[in-house]
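Here the protein sequences come in this chain order: A and B.
Numbers in my numbering are just positions in the first sequence, counted from 1, shifted up by 408.
Numbers in my numbering are just positions in the second sequence, counted from 1, shifted up by 1028.
C-beta atoms are modelled at their ideal positions from N, C-alpha and C, and glycine is treated no differently.
Since the structure is predicted, the reported quantities are computational estimates derived from the model, not experimental observations.
To keep things clear, I will list the structure first and then write my remarks on it.
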Amino acid sequence: ETGVTQTPRHLVMGMTNKKSLKCEQHLGHNAMYWYKQSAKKPLELMFVYNFKEQTENNSVPSRFSPECPNSSHLFLHLHTLQPEDSALYLCASSQAGGGLSSYNEQFFGPGTRLTVL
Amino acid sequence: DAKTTQPNSMESNEEEPVHLPCNHSTISGTDYIHWYRQLPSQGPEYVIHGLTSNVNNRMASLAIAEDRKSSTLILHRATLRDAAVYYCILRDRPPGGTSYGKLTFGQGTILTVHP
Chain A
409 ETGVTQTPRH LVMGMTNKKS LKCEQHLGHN AMYWYKQSAK KPLELMFVYN
459 FKEQTENNSV PSRFSPECPN SSHLFLHLHT LQPEDSALYL CASSQAGGGL
509 SSYNEQFFGP GTRLTVL
Chain B
1029 DAKTTQPNSM ESNEEEPVHL PCNHSTISGT DYIHWYRQLP SQGPEYVIHG
1079 LTSNVNNRMA SLAIAEDRKS STLILHRATL RDAAVYYCIL RDRPPGGTSY
1129 GKLTFGQGTI LTVHP
């Protein structure tokens, strides 16, 4: 248990469906992240929220829409996905701030395995 | 972002030490060296980090070269539970001091531990 939970753990959806991934952290952190891990590729950072404000969007297609209603919850809304979007989607959180000496350790959830048919 | 280079895979026997190397020749003066690992079917987990001096914690040791262009993660006695992908990462700090510590993952080293 890392203190970061993700639901659902597995999701199968068609290309015309709309679904949402949920992440919740119980660590009191103020930064949250979405990563994508495709088969045989490194983890790719998708979005960063720092104090509920989106501070990074790494050229992610608009069919992925993040939402951070508060510092403990992060959503990834999915619509009209493509089969190549099938991947493991990982959420992480960390404590932002702290100056140069802070190492901002990220705590990851177990991920949602997404399959797009 | 400064890049890291790691071997694709390494093997070890149980209860033997493992030395996982990482090259980072373009490291900048304020880059911290982080190690994370990803066990099968799990998200990555933090292992250790350092700046200039060698570091020890309950999981591992981190040996950093004097010129900081390379580092080595040391598992003192590998167990079967240490089989994972190990990532060596240089922490990127965005401008303006909002230090949420973006991590850029590479391919990592797949560690296999034999009984």
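Using 8 Å for Cβ pairs, my map puts residue i next to residue j. What's the rounded Cβ distance?
| i | j | result |
| --- | --- | --- |
| Cys-499/A | Gln-414/A | 5 Å |
| Ser-1098/B | Pro-1049/B | 7 Å |
| Leu-484/A | Pro-474/A | 6 Å |
| Glu-1043/B | Arg-1105/B | 5 Å |
| Gly-411/A | Leu-435/A | 4 Å |
So, for residue i: in the same chain, excluding its five sequence neighbours on each side, which residues have a beta-carbon less than 8 Å away from its beta-carbon?
| i | result |
| --- | --- |
| Ala-439/A | Val-456, Tyr-457, Asn-458, Phe-459, Ser-501, Ser-502, Gln-503, Ala-504 and Asn-512 |
| Asn-1082/B | Ser-1089, Leu-1090, Ala-1091 and Ile-1092 |
With a threshold of 9 Å between beta-carbons, can residue i be considered close to chain A, or not?
| i | result |
| --- | --- |
| Pro-1035/B | no |
| Lys-1031/B | no |
| His-1077/B | yes |
| Tyr-1114/B | no |
| Thr-1140/B | no |
Going along chain B, which residues have a C-beta under 7 Å from residue i?
| i | result |
| --- | --- |
| Phe-516/A | Gly-1071, Pro-1072 and Glu-1073 |
Using a Cβ cut-off of 9 Å, pull out every chain B residue sitting near residue i, in sequence order please.
| i | result |
| --- | --- |
| Gly-519/A | Ser-1069, Gln-1070 and Gly-1071 |
| Glu-492/A | The premise fails here: Glu-492/A is roughly 19 Å from chain B at the closest Cβ pair, so nothing lies under 9 Å. |
| Leu-498/A | Gly-1071 and Pro-1072 |
| Leu-453/A | Lys-1130, Leu-1131, Thr-1132 and Phe-1133 |
Residues in the same chain with beta-carbon distance under 7 Å from residue i, minus the five sequence neighbours each way, listed in chain order, please.
| i | result |
| --- | --- |
| Thr-1080/B | Ile-1092 and Arg-1096 |
| Asn-465/A | Phe-455 |
| Leu-1103/B | Pro-1045, Val-1046, Ala-1088 and Asp-1110 |
| Pro-518/A | Gln-414 and Arg-417 |
Can you find the residues in the same chain that come closer than 6 Å, C-beta to C-beta, to residue i, ignoring five residues on each side of it along the sequence?
| i | result |
| --- | --- |
| Arg-521/A | His-418 and Leu-496 |
| Thr-1033/B | Asn-1051 |
| Leu-451/A | Tyr-443 and Gln-445 |
| Gln-514/A | Ala-500 and Ser-502 |
| Ile-1138/B | Ser-1037 and Val-1113 |
| Thr-523/A | Val-420 and Ser-494 |
| Asn-425/A | none |
| Leu-453/A | Tyr-443 and Asn-466 |
| His-487/A | Lys-426 and Arg-471 |
| Tyr-1074/B | Tyr-1064 |
| Thr-1100/B | His-1047, Pro-1049 and Ala-1091 |
| Glu-1039/B | Thr-1140 |
| His-437/A | Ser-501, Ser-502 and Gln-503 |
Starting from residue i, find everything on chain A with Cβ-Cβ shorter than 7 Å and list it in chain order.
| i | result |
| --- | --- |
| Leu-1131/B | Gln-514 |
| Gly-1134/B | Pro-450 |
Counting only beta-carbon separations shorter than 9 Å, does residue i have a partner in chain B?
| i | result |
| --- | --- |
| Glu-475/A | no |
Shorter than 8 Å, the distance from the beta carbon of residue i to the closest heavy atom of the ligand ZN, or not?
| i | result |
| --- | --- |
| Gly-517/A | Because no ligand of any kind appears in the structure shown, any question about the ligand ZN cannot be addressed here. |
Using a Cβ cut-off of 8 Å, pull out every chain B residue sitting near residue i, in sequence order please.
| i | result |
| --- | --- |
| Thr-410/A | Gly-1071 and Glu-1073 |
For a cutoff of 9 Å on Cβ pairs, would you count residue i as touching chain E?
| i | result |
| --- | --- |
| Glu-464/A | Protein chains A and B are contained in the structure displayed, whereas chain E is not. |
Requested in this report: Can you check the stretch 466 to 504 of chain A for any beta strand (DSSP E) of at least 3 residues that lies completely inside it and give the ranges in chain order?
Outcome: For the stretch 466 to 504 of chain A, whole beta strand (DSSP E) runs of length 3 or above, ordered along the chain, are 472 to 478, 481 to 487 and 495 to 502.
Report task. With a floor of 3 residues, list each beta strand (DSSP E) that falls wholly inside the stretch 1086 to 1127 of chain B, ordered by position along the chain. Result -> Complete beta strand (DSSP E) runs here, min 3: 1089 to 1092, 1098 to 1103 and 1112 to 1118.
Query - Length-filtered (3 minimum) beta strand (DSSP E) runs lying within the stretch 1032 to 1066 of chain B - result: Inside the stretch 1032 to 1066 of chain B, DSSP marks whole beta strand (DSSP E) runs of 3 or more residues at positions 1037 to 1041, 1046 to 1051 and 1061 to 1066, from first to last along the chain.
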